[in-house]
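Asks: In order, the protein sequence lines correspond to chains A and B.
Residue numbering for the first sequence follows the UniProt record's numbering, starting at 1 and increasing by one per position.
Residue numbering for the second sequence follows the UniProt record's numbering, starting at 1 and increasing by one per position.
Backbone N, C-alpha and C define an ideal beta-carbon position, used for all residues, glycine too.
Nothing here was measured: the structure is a model prediction, and the numbers come from that model.
Protein chains: 2
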Amino acid sequence: MPTRADINYFGAGPALLPTEVLEDAAKALVNYNDTGLGIAEHSHRSEIATTIINEAKADLASYLDIPDNYEILFMQGGGSGEFSATAYNLVGAWVARKHKELGSEDSSAEKLKSAVKNLKLDYIITGGWSKKAAAEAERLFGSEHVNIVADSRKSNDGKFGTIPEESTWNLSKDAAMVYYCDNETVDGVEFPQFPKSLEPKGDDGPIVVADMSSNILSRKIPIQNFSAIFFGAQKNLGSTGITVVIIKKSLLPQPSVALMKQLGLPIPPRILEYEAIAKSNSLYNTLSIFDVYIAGRVLKKLLQQYPDKVQGQQAVSESKAQLIYSALEAHPSVYKIVPDKTVRSRMNICFRIQGSDAAEQNFLKQAATLGLTGLKGHRDVGGIRASNYNSVSVDGAKKLASFIGTFASQGGNQ
Amino acid sequence: MPTRADINYFGAGPALLPTEVLEDAAKALVNYNDTGLGIAEHSHRSEIATTIINEAKADLASYLDIPDNYEILFMQGGGSGEFSATAYNLVGAWVARKHKELGSEDSSAEKLKSAVKNLKLDYIITGGWSKKAAAEAERLFGSEHVNIVADSRKSNDGKFGTIPEESTWNLSKDAAMVYYCDNETVDGVEFPQFPKSLEPKGDDGPIVVADMSSNILSRKIPIQNFSAIFFGAQKNLGSTGITVVIIKKSLLPQPSVALMKQLGLPIPPRILEYEAIAKSNSLYNTLSIFDVYIAGRVLKKLLQQYPDKVQGQQAVSESKAQLIYSALEAHPSVYKIVPDKTVRSRMNICFRIQGSDAAEQNFLKQAATLGLTGLKGHRDVGGIRASNYNSVSVDGAKKLASFIGTFASQGGNQ
Numbered sequence: 001m002p003t004r005a006d007i008n009y010f011g012a013g014p015a016l017l018p019t020e021v022l023e024d025a026a027k028a029l030v031n032y033n034d035t036g037l038g039i040a041e042h043s044h045r046s047e048i049a050t051t052i053i054n055e056a057k058a059d060l061a062s063y064l065d066i067p068d069n070y071e072i073l074f075m076q077g078g079g080s081g082e083f084s085a086t087a088y089n090l091v092g093a094w095v096a097r098k099h100k101e102l103g104s105e106d107s108s109a110e111k112l113k114s115a116v117k118n119l120k121l122d123y124i125i126t127g128g129w130s131k132k133a134a135a136e137a138e139r140l141f142g143s144e145h146v147n148i149v150a151d152s153r154k155s156n157d158g159k160f161g162t163i164p165e166e167s168t169w170n171l172s173k174d175a176a177m178v179y180y181c182d183n184e185t186v187d188g189v190e191f192p193q194f195p196k197s198l199e200p201k202g203d204d205g206p207i208v209v210a211d212m213s214s215n216i217l218s219r220k221i222p223i224q225n226f227s228a229i230f231f232g233a234q235k236n237l238g239s240t241g242i243t244v245v246i247i248k249k250s251l252l253p254q255p256s257v258a259l260m261k262q263l264g265l266p267i268p269p270r271i272l273e274y275e276a277i278a279k280s281n282s283l284y285n286t287l288s289i290f291d292v293y294i295a296g297r298v299l300k301k302l303l304q305q306y307p308d309k310v311q312g313q314q315a316v317s318e319s320k321a322q323l324i325y326s327a328l329e330a331h332p333s334v335y336k337i338v339p340d341k342t343v344r345s346r347m348n349i350c351f352r353i354q355g356s357d358a359a360e361q362n363f364l365k366q367a368a369t370l371g372l373t374g375l376k377g378h379r380d381v382g383g384i385r386a387s388n389y390n391s392v393s394v395d396g397a398k399k400l401a402s403f404i405g406t407f408a409s410q411g412g413n414q
Numbered sequence: 001m002p003t004r005a006d007i008n009y010f011g012a013g014p015a016l017l018p019t020e021v022l023e024d025a026a027k028a029l030v031n032y033n034d035t036g037l038g039i040a041e042h043s044h045r046s047e048i049a050t051t052i053i054n055e056a057k058a059d060l061a062s063y064l065d066i067p068d069n070y071e072i073l074f075m076q077g078g079g080s081g082e083f084s085a086t087a088y089n090l091v092g093a094w095v096a097r098k099h100k101e102l103g104s105e106d107s108s109a110e111k112l113k114s115a116v117k118n119l120k121l122d123y124i125i126t127g128g129w130s131k132k133a134a135a136e137a138e139r140l141f142g143s144e145h146v147n148i149v150a151d152s153r154k155s156n157d158g159k160f161g162t163i164p165e166e167s168t169w170n171l172s173k174d175a176a177m178v179y180y181c182d183n184e185t186v187d188g189v190e191f192p193q194f195p196k197s198l199e200p201k202g203d204d205g206p207i208v209v210a211d212m213s214s215n216i217l218s219r220k221i222p223i224q225n226f227s228a229i230f231f232g233a234q235k236n237l238g239s240t241g242i243t244v245v246i247i248k249k250s251l252l253p254q255p256s257v258a259l260m261k262q263l264g265l266p267i268p269p270r271i272l273e274y275e276a277i278a279k280s281n282s283l284y285n286t287l288s289i290f291d292v293y294i295a296g297r298v299l300k301k302l303l304q305q306y307p308d309k310v311q312g313q314q315a316v317s318e319s320k321a322q323l324i325y326s327a328l329e330a331h332p333s334v335y336k337i338v339p340d341k342t343v344r345s346r347m348n349i350c351f352r353i354q355g356s357d358a359a360e361q362n363f364l365k366q367a368a369t370l371g372l373t374g375l376k377g378h379r380d381v382g383g384i385r386a387s388n389y390n391s392v393s394v395d396g397a398k399k400l401a402s403f404i405g406t407f408a409s410q411g412g413n414q
């Protein structure tokens, strides 16, 4: 009968939540702040809910240093909802911009149509999630409008695990967006920093969209370089059920439905339209206030814990990852780290045990007896994956590093 | 400092949850079944999660008597997501059927195109929710494809509160779907039973879609009459965050994206595609297992409480509604019930207090001092609304009925 203290969980998500947040949430679920009603029962349009939403937004903005010209949205549908939503909405914003540039004279209609023929959505493919996002864009907009900037499988035997050199990237000239996934969970590949070639140039605003579902709140982000950033809450922020979008306010307005249809472009279902969600302060439809409450509690805790905000968490994340990678590197004959050293994820540490599948089974089994769980690799690739999200403690990382050493020294892979 | 026992909450949703379910959920949140991990932390792909999902599906099927040729899906996005999703998916199913009927010869392509010119989505508008659903269909498919079968405002001074006679309905001949909202929460209008004219005829399958977000699990439903039924969990089933779809399995397969585009028809973003959700047993993307767990606990409780399943709950729902309506009817000079008597909702009891706005304020204030809360009418229409969902106890309904009597006798509206 293990308690929470007995378990160090390294699952890829949903992730651990801080025990004190869960204990508070448990109380709030039954009777929130002595109101006689639980937090999941209070109306999403009550003052209580509005306060929870606005505080969570303000605390996220403070922790990540999000400037005022960006809006924060709470939505549903996770990363898979958002990779569709970013494509719909940023193509809309691109059309709105073109439309404004060309003016509304009769002759402009043809010019706009011809501009749309060259519409491009750029995708950098470095793992399973960016691959899925690009496939969805092809499905919604047609492959003629999707440009694969780079695909790390091309120079790596069809496998993920690298990020192609920026000098080889094939960026479009006037893309509606450039999409990438900042941390790929399946193969453990993370962008070491914001790509140089995607920095906004001159007067042109940013056009970059990033999926940060698995590494948000773990390092400083140059927000002004992005059109939009999104992430599911369930890894570093809170519980499954809400998805957060940080989007530049000037990109919210959408062209008329009539114009989009005339141009042969798809429009989002209303629940994926950022403009509608922003106008209603994330209450276009019923939002899970319980999930926003949990996220809010996690943020308060992080703000309290790290006076220098996300940079404080960044130092901890890096040192935890370093502990585990060093333990693996100390035994190169036993462990093979999956991705290239330069693009190793701090969040999902993927490795194989040299020898046999049985050795990996043995590793998982022995780890579990020590309370080190959730270590099985993604079903598509196998192997071992230690997910090192914010709620994994330094102590937990140390225990795993120590076990990695012991397993190797004792010839666990024999 | 009220406890849960002090409060009888009549809010329109999210609604009350049974206290014992919340108490169990509070424990599960911290440490689920002594696993050392909370229920929101376990992977949605774990055996624990699969068991929770499959049991909730089986219990829902048992409680509502859902036949084997229907699939149950857990999704995100609420009613507003689903009124978009039903339109996308049922138009897809309609095209798939036409395509099959016409065969794949070259000459069929033109016939299919011409059939699509006559594509109709039928909407019966009886309140704010069906109105929004029809507007979304017009937005996605174009108003030429949306047929308003009936609109209760037309014969009622522009206001909702009635359901037009079936004999006046203008149903399309070969609609892809006929959509209605079984219970409208804003004005308190509920279909008294399944509409005669929508019953499936001869060999033709059903084409009816109903939004049952606000009255599911409160009465027996003739499932076989429906293509699809959907509802958010947060009123009668569980907590905000999951949405349930009950859909006839034969309607799941969608035509190719290429065919839909050729026909100029929109396709759903992948997260709203029923076929994808069904194939993955509702795990196409990360599902909130916490919310499915809560729904599952509520269902277990209902199954235990009512040996004759939903019919048992139906009797209770009706008697609770009767208590409140009778109290209102006893004082016709004080209370004006909003909808027509024949279409009064058992779930949302909407009434005005004759006299002044101040009298309504007074009613709300006095009610609150007795722990009768959540009674304020929807912001679009004002007045009083007592939402009488499953978790409102008979005792709670009695207390409200008694207060309605006292307020009137004491001349509370003077």
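Which residues does DSSP pair with K376(B) in a beta bridge?
Replies: Per DSSP, I384(B).
Asks: Ordered along the chain, which non-local residues of its own chain (more than five positions away) have a Cβ less than 6 Å from that of M212(B)?
Replies: Counting only Cβ-Cβ distances below 6 Å, and skipping sequence neighbours, we find D182, I229 and F231.
Asks: If the cut-off is 8 Å on Cβ atoms, which residues from the segment 185–219 of chain B count as contacting chain A, listed in chain order?
Replies: The residues in question: there are none.
Asks: Express the C-alpha separation of D151(A) and D157(A) in angstroms, rounding to a whole number.
Replies: D157(A) and D151(A): Cα-Cα distance of roughly 11 Å.
Asks: For my contact list, N89(A) and E329(A) are in at a C-beta cut-off of 8 Å; report their separation, rounded to the angstrom.
Replies: No, N89(A) and E329(A) are not in contact; Cβ-Cβ is about 43 Å, not under 8 Å.
Asks: Q366(B) CB to nearest chain A CB: under 7 Å?
Replies: Chain A, which has no Cβ nearer than 7 Å to the Cβ of Q366(B), makes this no.
Asks: In chain order, which beta strand (DSSP E) runs of at least 3 residues are fully inside the segment 290–344 of chain A?
Replies: Taking only runs of at least 3 residues, the beta strand (DSSP E) segments lying wholly in the segment 290–344 of chain A are 335–337.
Asks: State the DSSP-derived secondary structure class of E41(A), mapped to helix, strand or coil.
Replies: Coil.
Asks: Can you look up V186(B) in the DSSP assignment and give me helix, strand or coil?
Replies: V186(B) falls in the coil class under three-state DSSP.
Asks: Does the beta carbon of P2(A) sit closer than 7 Å to a beta carbon anywhere in chain B?
Replies: Output row for P2(A): interface = yes.
Asks: In chain B, which residues lie with their C-beta within 9 Å of the C-beta of L16(A)?
Replies: The contacting residues are L37, G38 and E41.
Asks: Use the C-beta contact count for M1(B): other C-beta atoms within 10 angstroms, 16 or more gives buried, fewer gives exposed.
Replies: So M1(B) counts as exposed.
Asks: Report yes if the CB atom of A56(B) is closer than 7 Å to the CB atom of G296(B), and no otherwise.
Replies: Going by C-beta atoms, A56(B) is nearer than 7 Å to G296(B).
Asks: Would you report the Cα separation of M177(B) and A85(A), rounded to the nearest angstrom?
Replies: So the two alpha carbons sit approximately 26 Å from each other.
Asks: Terminal residues of the continuous beta strand (DSSP E) containing D151(B)?
Replies: Start and end: V146 to D151.
Asks: Run through chain A and tell me which residues come within less than 7 Å of P266(B), C-beta to C-beta.
Replies: Residues of chain A passing the Cβ test: P266.
Asks: Please determine, among R97(B), V209(B) and E138(B), the residue with the shortest C-alpha to C-alpha distance to A258(A).
Replies: Considering only alpha carbons, the answer is E138(B).
Asks: With DSSP collapsed to three states, give me the class of L73(A).
Replies: In the structure shown, L73(A) sits in a strand (DSSP, three-state: E or B).
Asks: Tell me which residues share the same chain as I337(A) and place their Cβ nearer than 6 Å to its Cβ, disregarding the 5 neighbours each side in the sequence.
Replies: Cβ within range, chain order: L328 and F351.
Asks: The ligand HEM and E329(A): does any heavy atom of the ligand fall closer than 6 Å to the residue's C-beta?
Replies: You won't find the ligand HEM in this model; it holds no ligand whatsoever.
Asks: Would you mind giving the Cβ-Cβ distance between residue 418(A) and K113(A), rounded to the nearest angstrom? I have them listed as a contact below 8 Å.
Replies: The structure shown has nothing for residue 418(A), since chain A only spans 1 to 414.
Asks: Could you check how far apart the C-beta atoms of I277(B) and L73(B) are, in whole angstroms? I think they sit under 8 Å.
Replies: The Cβ separation is near 5 Å, so the contact holds.
Asks: Report yes or no: do the segment 283–294 of chain A and the segment 24–36 of chain A share at least 3 C-beta pairs separated by less than 8 Å?
Replies: Contact between the segment 283–294 of chain A and the segment 24–36 of chain A is present, because at least three Cβ pairs lie under 8 Å.
Asks: Listed in chain order, which residues of the segment 276–302 of chain A have Cβ atoms closer than 9 Å to some Cβ of chain E?
Replies: Going by chain labels, chain E is absent from the structure shown, which instead holds the protein chains A and B.
Asks: Could you spell out the range, first to last residue, of the alpha helix (DSSP H) harbouring F363(A)?
Replies: Start and end: D357 to T369.
Asks: So, does the CB of D24(B) fall closer than 7 Å to a CB anywhere in chain A?
Replies: No, D24(B) lies away from the interface with chain A (no Cβ there is under 7 Å from its Cβ).
Asks: Could you give the first and the last residue of the continuous beta strand (DSSP E) run that contains V116(A)?
Replies: Segment D106 to K117 is the alpha helix (DSSP H) holding V116(A); no beta strand (DSSP E) there.
Asks: Rounded to a whole number of angstroms, what is the C-alpha to C-alpha distance between S46(B) and K120(A)?
Replies: Going by the C-alpha atoms only, they are around 39 Å apart.
Asks: Taking just the CA atoms, how far does T342(A) sit from S155(A)?
Replies: Spanning the two alpha carbons is a distance of roughly 16 Å.
Asks: Using 8 Å as the threshold, is the segment 397–407 of chain B in touch with the segment 306–324 of chain B, meaning 3 or more CB pairs across them?
Replies: Taking 8 Å as the limit for Cβ pairs, the verdict is that the segment 306–324 of chain B does touch the segment 397–407 of chain B.
Asks: What are the residues of the segment 121–147 of chain A that lie near chain B, defined by any Cβ-Cβ distance shorter than 8 Å?
Replies: Listed by position, the residues of the segment 121–147 of chain A near chain B (Cβ gap below 8 Å) are E136, R139, L140 and G142.
Asks: Is the beta carbon of I271(B) closer than 7 Å to that of M260(B)?
Replies: Contact flag unset, no.
Asks: Please list the residues of the segment 102–114 of chain B that have a C-beta atom closer than 9 Å to any C-beta atom in chain A, keeping them in chain order.
Replies: Listed by position along the chain: nothing, the set is empty.
Asks: Check for me: the beta strand (DSSP E) holding V91(A) runs from which residue to which?
Replies: Per DSSP, V91(A) belongs to no beta strand (DSSP E); it is in the alpha helix (DSSP H), G78 to L102.
Asks: Quick one: residues in its chain with C-beta nearer than 8 Å to the C-beta of E275(A), no 5 flanking neighbours on either side, listed in chain order?
Replies: Answer for E275(A): N89, L252, P253 and Q254, listed in chain order.
Asks: Along the chain, where does the alpha helix (DSSP H) that runs through A198(A) open and close?
Replies: In the sequence under discussion, the amino acid at residue 198(A) is Leu, which differs from the Ala named in the question. Premise fails: L198(A) is in no alpha helix (DSSP H) and is neither H nor E.
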